[in-house]
DNA sequence: CCATGTGTATTAATACTATAATACACATGG
DNA sequence: CCATGTGTATTATAGTATTAATACACATGG
């Protein structure tokens, strides 16, 4: 039996303006890319996730379906979704950096529009990094 | 006559998944907060912006209306929108940092889910910062 | 066998986003 | 005066996002 509710691996905010299914989709992508979700691992059930985050089950299912279409997840009839077997177990750092790049570019643009210095931005990120140390 | 098309102050991407009107809204907020758009300055016309970014004029108008409701912009019948008079000309760094915080938190979360190190993230941001040096 | 657990398909309803084509009220400069 | 420039209101259409309530097919453990 799972002692830690796996449904809490994810952060879903219905009020963030970003579609819920896409929040989930991107987080799964990252956890798989980093190997925190390895091939064969079962994902939280649609109903559990939906319940834990007060969201409609079909919204979760939509994310799962898209991830299956991407080849990241594998559907198993009557059984939980699993992480699909992959060529590489873990994406090399270069690929993972590529994945986060657009988000980083957007942040830099915001910082410049706010006329923050590079050091102010770096300090902010350090502070947040510490605050969320696991 | 304006030599530099002011419409290009903004970056609008219809395919980013973020509503266009909100992209514009947030960018204006930041430029005002930093004083790059000072009180009294006229904003690009709805039609110019719409044309320059291949977007519907009403989408721009929606952003302007929301910004006017926020008190950041001022409508002048028959005349271009202007930046509203403000108590402070420029937000102090603290307020500007507050404004970018959620975006920074999201980036840190992504980096952690990708199991990037703090230094890898910092290096990426430095690289992007240099690349977009004005 | 069957209760319980998977994910999914279906259909309906609602809200938000964006486009489109007009039309209007107002201000300004020639 | 009036062409031209503002922003806006209106109406309609389309696509997307989300919720909701069922129902189904399959797998597993007792």
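Protein chains in written order, with the numbering used here: chain A, 1 to 134; chain B, 1 to 134.
All C-beta atoms in this analysis are idealised placements derived from N, C-alpha and C, irrespective of residue type, glycine included.
With a floor of 3 residues, list each beta strand (DSSP E) that falls wholly inside the segment 26-107 of chain A, ordered by position along the chain.
Counting whole runs of 3 or more residues, the segment 26-107 of chain A contains the beta strand (DSSP E) stretches 73-76 and 79-83.
Near residue 86 of chain A, which residues of its chain fall below 7 Å by C-beta distance, leaving aside the five closest residues on each side in sequence?
39
By the criterion of Cβ-Cβ separation under 8 Å, what are the contact partners of residue 128 of chain A in chain B?
101, 104, 105 and 108
Endpoints, the alpha helix (DSSP H) within which residue 18 of chain B is located:
Unbroken run through residue 18 of chain B: none, as it is neither H nor E.
For residue 53 of chain B, count the other beta carbons within 10 Å of its own beta carbon; 16 or more makes it buried, fewer makes it exposed. Which is it?
Flag for residue 53 of chain B reads buried.
Residues in its own chain within less than 7 Å of residue 20 of chain A by CB, not counting five upstream and five downstream?
12, 14, 55 and 59
Going along the chain, which residues of the segment 67-97 of chain A sit with their C-beta nearer than 7 Å to a C-beta in chain B?
93, 96 and 97: these are the residues of the segment 67-97 of chain A whose beta carbon lies less than 7 Å from some beta carbon of chain B, given in chain order.
At a CB-CB cut-off below 8 Å, which residues of chain A make contact with residue 36 of chain B?
113 and 115
Report buried or exposed for residue 123 of chain A, applying the criterion of at least 16 other Cβ atoms within 10 angstroms of its Cβ.
Exposed, because fewer than 16 other Cβ atoms sit within 10 Å of the Cβ of residue 123 of chain A.
Per DSSP, what kind of secondary structure is residue 132 of chain B in: helix, strand or coil?
coil
Anyone know if the C-beta pair for residue 105 of chain A and residue 108 of chain B falls short of 8 Å?
no
Using a cut-off of 7 Å between C-beta atoms, extract the partners of residue 120 of chain B located in chain A.
93 and 97
Please confirm whether residue 25 of chain A has its beta-carbon closer than 8 Å to some beta-carbon of chain B.
no
Presumed contact (8 Å Cβ cut-off) between residue 121 of chain A and residue 31 of chain B, rounded CB distance:
The pair is not a contact, with the Cβ atoms about 17 Å apart (cut-off 8 Å).
So with Cβ pairs under 8 Å, would you call residue 40 of chain A a contact of chain B?
It does not: the Cβ of residue 40 of chain A has no partner Cβ on chain B nearer than 8 Å.
Where residue 117 of chain A sits in the DSSP three-state scheme
coil
So, does the CB of residue 33 of chain A fall closer than 8 Å to a CB anywhere in chain B?
yes
If you draw a straight line from the C-alpha of residue 94 of chain A to the C-alpha of residue 33 of chain B, how long is it?
35 Å
Measure from the C-beta of residue 124 of chain A to each C-beta in chain B and report whether the shortest distance is under 8 Å.
Taking a beta-carbon distance threshold of 8 Å, residue 124 of chain A counts as an interface residue toward chain B.
Using a Cβ-Cβ distance under 8 Å, would residue 22 of chain B count as near chain A?
yes
Is residue 125 of chain B helix, strand or coil by DSSP?
Looking at residue 125 of chain B - three-state DSSP - the assignment turns out to be helix.
Check whether the Cβ atoms of residue 22 of chain B and residue 17 of chain A sit closer than 8 Å, and answer yes or no.
yes
Just the C-alpha distance for residue 117 of chain A and residue 90 of chain B, rounded to the nearest angstrom, thanks.
15 Å
Using the C-alpha atoms, what's the distance from residue 72 of chain A back to residue 29 of chain A?
In this model, residue 29 of chain A and residue 72 of chain A are separated by some 7 Å (Cα to Cα).
Residue 111 of chain A to residue 78 of chain A, Cα distance in whole Å?
If I take the Cα positions, the gap works out to 48 Å.
Cα separation between residue 1 of chain B and residue 24 of chain A?
Residue confidence for residue 1 of chain B is low, a pLDDT of 34 falling below 50, so the modelled location carries little weight and cannot support an answer.
List, in chain order, every chain A residue whose beta-carbon is nearer than 8 Å to that of residue 30 of chain B.
110, 113 and 114
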